[in-house]
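First comes the structure, then the notes that go with it.
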Amino acid sequence: MIFFLLPITGAVAETFLRAENITATDGDTVTLRCQLLKQDTKVTQVNWDFCNNMYIAFHVNYSDTKGTVVKEFSDRVSLAKDYGITITGVNRNDTGQYCCIFITFPYGKFTGKIFLQKRKSQAFYSNIHPKTSGAKPTGSHTADSALIISTSEDKKEEDSEYFYIFRKGV
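Each residue of the sequence shown is one higher than the one before, counting from 1 in full-length UniProt numbering.
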């Protein structure tokens, strides 16, 4: 009788990069950064893209601040320390997944993912007086944008109401 002994190992996946998702509002400046946890490696290049091979920026030559931002993004994206990128004037088109790709020696390539999401706007509600002919809303309100909702014209006047809905950061 022949027995084959197979070694049993408890292989555990090791984490090499740390990346945290970011929530921002319109107009914010945010820095996306992935942290390489593998200490005994040299970083030769870090690429940033939209996780679809549409490149945004590159850190090169073993430097965390030297590199290039792709021309289409150079008006609002800049390189940041620790191999990050900074986005100024965040808007809804910036939301989505970003990938940081570390090219290292001697271990090769590590990829991290960050999701940039837009913070939901807070809505502020203020009732305005029932509609009467020629009446206008009173009071002073400031907001980034306002939407007026009214009931239909054919309802009785006492059933009609105006509402101002103020939204910051829409």
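For every residue, glycine included, the Cβ atom is placed at its ideal position computed from N, Cα and C. All figures in this text were calculated on a predicted structure; none of them were measured in a lab.
DSSP state of residue i mapped onto helix, strand, coil
{"i": "D82", "result": "coil"}
{"i": "R33", "result": "coil"}
{"i": "R18", "result": "strand"}
{"i": "D40", "result": "coil"}
{"i": "F73", "result": "helix"}
{"i": "N91", "result": "coil"}
{"i": "D49", "result": "strand"}
{"i": "G27", "result": "coil"}
{"i": "Y55", "result": "strand"}
{"i": "K120", "result": "coil"}
Identity of the residue in the options nearest residue i by Cα
{"i": "K71", "options": "D82, Y83, F58", "result": "F58"}
{"i": "T104", "options": "R33, T25, F16, T41", "result": "T41"}
{"i": "R119", "options": "A24, L36, E20, N93", "result": "A24"}
{"i": "Q35", "options": "D26, N21, G27", "result": "N21"}
{"i": "Y55", "options": "K66, V43, F73, Q39", "result": "F73"}
{"i": "D49", "options": "Y83, Y107, D28", "result": "Y83"}
{"i": "Q45", "options": "G108, A19, K113", "result": "G108"}
{"i": "N61", "options": "C51, N52, V43, Q117", "result": "V43"}
Own chain residues within Cβ distance below 7 Å of residue i, not counting five before or after
{"i": "R76", "result": "I87, T88, G89"}
{"i": "T65", "result": "L79, K81"}
{"i": "T68", "result": "A57, F58"}
{"i": "N91", "result": "D26"}
Contact set for residue i: own chain, Cβ-Cβ below 6 Å, skip 5 residues either direction
{"i": "F115", "result": "N21, Q97"}
{"i": "I85", "result": "L32, W48, A57, V77"}
{"i": "G112", "result": "L17, A19, C34, C100"}
8 Å CB neighbourhood of residue i in its chain, flanking five on each side removed
{"i": "residue 237", "result": "Given a span of 1 to 170 for the chain in the structure shown, any question on residue 237 remains unanswerable."}
{"i": "V30", "result": "I22, A24, T86, I87, V90, L116"}
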